[in-house]
Amino acid sequence: MHSDRRRPYRALGAAAAAATLLLAAAQANSSSASADTEPVAEPRAAQDVTLPPAHAGFDYQIGGPYTPPEGVRVVSRDHSVQPAEGLYNICYVNAFQTQPGAEDSWDSDLLLRDKTGDVVYDGEWKGEALLDIRTPDKRKRIAKKINAWIDSCAAKGFQAVEPDNYDSYDRSKGLLTTGQAQDLIRRLSGHAHSKGLAIGQKNAAELATSRKDNGLDFAIAEQCGEWKECGTYTKAFGDEVFVIEYTADGLATACEGWSDQLSIVRRDLDVRTPSGDGYVRETC
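Sequential numbering of the sequence shown, starting at 9, is according to our numbering.
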């Protein structure tokens with residue numbers, strides 16, 4: 009886990025205008041037993057789900073849609089926009105945190121608060137409040153809202169969904185656990201599969217070994233080159249890994265080790281459109 013991981017500013021409008029695996033496993037086991045009394049949600053098996061083409065040209069457009077560059081076959085876009093015609097489209101939803109400044113769109117009690125009652129924010133990214141996933145009831149209510157977005161993804165013609173901030177426990181000041189996160193992701197994966205959508209694991213390399221139990225079909229890995237995590241994802245997902253780097257060094261490392269197997273792209277942190285200042289898109 010890397011709490012200082014760079015992650016893009018995910019607000020669509022604004023962008024467009026080290027724990028070990030053993031520790032994580034121990035957290036998951038202990039948290040699911042101590043955090044609540046409801047059994048962990050069981051993911052529904054994937055049926056009639058189409059996985060993204062492996063080792064295909066990939067573009068990350070969660071900051072705003074634009075005509076995909078030549079050679080791109082897989083695109084990730086925000087759930088509020090339309091998919092790219094003729095390509096494999098992944099639908100981005102911010103599932104474990106609010107969008108920047110969007111706290112009022114959630115029930116107040118679903119915002120994570122510390123012992124003083126203050127809302128806990130992601131320290132890296134511009135006003136994203138963490139969602140409180142500590143009880144079964146709250147996870148159920150959060151899942152209901154996210155699953156409505158997933159319904160919209162399916163209705164628009166997306167083929168897959170990307171629930172972001174699965175690893176919010178790593179930025180929660182110790183308030184959230186991996187077990188709680190996995191329970192919520194199972195609620196989302198089961199619903200996505202019921203709508204005919206594949207679902208990706210976003211980051212959280214330490215949970216990759218549990219991907220089948222959690223109903224996850226592929227991985228979207230930010231900075232796995234920079235953090236030397238690409239191998240962890242490939243052991244769990246094979247070549248169904250889509251890599252996003254944000255630095256030249258990270259891209260170089262990812263390309264050196266994995267360009268013959270994985271889909272790799274470098275983007276700018278604000279995931280701008282080509283018309284925006286600071287737009288960056290590079291591949292191997």
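In this text, a Cβ means the ideal position worked out from N, Cα and C, and glycines have one as well.
Self-check item: Which of helix, strand or coil DSSP assigns to I228
Solution: strand
Quiz item: Any idea what DSSP makes of Q269, helix, strand or coil?
Solution: coil
Quiz item: Does the Cβ-Cβ distance between K148 and D140 come in under 7 Å?
Solution: no
Exercise. Measure the C-alpha to C-alpha separation of I70 and I228 and round it to an integer number of angstroms.
Key: 13 Å
Exercise. Identify, in the order they occur along the chain, each residue of the same chain with its Cβ nearer than 7 Å to the Cβ of G135, setting aside the five sequence neighbours on each side.
Key: P108, G109 and Y129
Exercise. Tell me, please, which residues DSSP counts as bridged to K304.
Key: Because the chain spans 9 through 292 in this model, residue 304 falls outside it and cannot be assessed.
Quiz item: Is G94 helix, strand or coil when you go by DSSP?
Solution: coil
Quiz item: Under a Cβ-count criterion, where at least 16 other Cβ atoms within 10 Å of its own Cβ denotes burial, should K210 be classed as buried or exposed?
Solution: buried
Quiz prompt | Separation of K220 from V83, as counted between CA atoms | solution = 24 Å
Practice problem: Output the distance between the C-alpha atoms of A151 and R195, rounded to the nearest integer angstrom. | Solution: 6 Å
Practice problem: Please list, in chain order, all residues of the same chain as A212 whose beta carbon is under 7 Å from its beta carbon, the five residues on each side excluded. | Solution: Y174 and D175
Quiz item: Which residue or residues does DSSP assign as beta-bridge partners of I252?
Solution: E230 and V273
Quiz item: Ordered along the chain, which non-local residues of its own chain (more than five positions away) have a Cβ less than 6 Å from that of P171?
Solution: V101, A103 and L196
Quiz item: Alpha carbon to alpha carbon, what distance is there between P144 and D126?
Solution: 22 Å
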